Amino acid sequence: VARHGVGYDSVDAQALAERGILLTNTPVAVRRPVAVATLTLILALAGRLFTKDRLTRSGRWNERTSHMGLGLRTRTLGIIGAGGIGRELLALAAPFGWSMLVCDPFADQAAVQALNGRPVSLETLLAESDFVVACCILNEQTRHLMNASRFAQMKREAFFINVARGPVADENALISALKTGQIAGA
14 VARHGVGYDS VDAQALAERG ILLTNTPVAV RRPVAVATLT LILALAGRLF
64 TKDRLTRSGR WNERTSHMGL GLRTRTLGII GAGGIGRELL ALAAPFGWSM
114 LVCDPFADQA AVQALNGRPV SLETLLAESD FVVACCILNE QTRHLMNASR
164 FAQMKREAFF INVARGPVAD ENALISALKT GQIAGA
């Protein structure tokens, strides 16, 4: 069985092993597409394109000028997880000249720095980043890594993007952070 993507949590690996069935995945194949999708989301959020699209589709196109978006020149990108996708995102984002913070205690720090990433604690990353991207693996340490207290550590105008497994973020905490304006968007 070949699973397209990273990880095996969507497959009953134990049942396959018990039957002697080989299981594989394609982590290298998804690095670039996921990193490109993430960068696309960052640009769309910064430009308030989702809001402008809703306004235009509802016939309120003149209001879109009230939602000019953010300048990107002095922004900080925070990446949680410096595996294949995280490193690919660092490489793609480099031409923007952003400060790029990375939190991954298991990553090769020299490899992160070679891609212009600055290894930092999760607390520093959350406090300083304008865009927080989760692209870490899902395990017991990362399940609900982004919870109410972590969302509270983010800037009010920051955006959260989860391209990791859904349970990396506590969905109820995320919804609450969005509804209360604790973070700008997700």
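For the sequence shown, the numbering used here gives the first residue as 14, with consecutive numbering after it. Backbone N, C-alpha and C fix where the C-beta goes; we use that ideal spot for every residue, glycine too. Remember, predicted model here, so these are calculated numbers, not experimental data.
The beta carbon of Phe-172 sits closer than 6 Å to the beta carbons of Leu-58, Phe-144, Ala-197, Gly-198 from its chain, once the five residues preceding and following it are set aside; these are given in chain order.
Taking each of Pro-46, Leu-68, Ile-150 in turn and checking the Cα distance to Ser-79, the smallest one comes out for Leu-68. Between Arg-131 and Leu-114, the C-beta spacing is below 8 Å. The Cβ neighbour count for Asp-183, taken over all protein chains shown within 10 Å, is at least 16; the residue is labelled buried.
Under the DSSP assignment, Leu-35 falls outside any beta strand (DSSP E); it carries neither an H nor an E label. Apart from the 5 residues on each side of it in sequence, Met-81 sits with its Cβ closer than 8 Å to the Cβ of Arg-61 in its chain, given in chain order.
In the assembly as shown, Gly-84 is an exposed residue. Its beta-carbon has fewer than 16 other beta-carbons within 10 Å. Comparing C-alpha distances from Ala-140 to each of Thr-155, Gly-99, Arg-45, Thr-89 shows the shortest one belongs to Thr-89.
It is roughly 16 Å from the alpha-carbon of Pro-108 to the alpha-carbon of Arg-45.
In the displayed model, Phe-63 falls within a helix according to three-state DSSP. Scanning its chain for C-beta atoms nearer than 7 Å, with the 5 sequence neighbours on each side dropped, one finds around Trp-74 the residues Leu-68, in chain order. Look at Phe-109 here: in three-state DSSP terms it is helix. In the three-state scheme derived from DSSP, where H, G and I count as helix and E and B as strand, Thr-193 is classed as coil.
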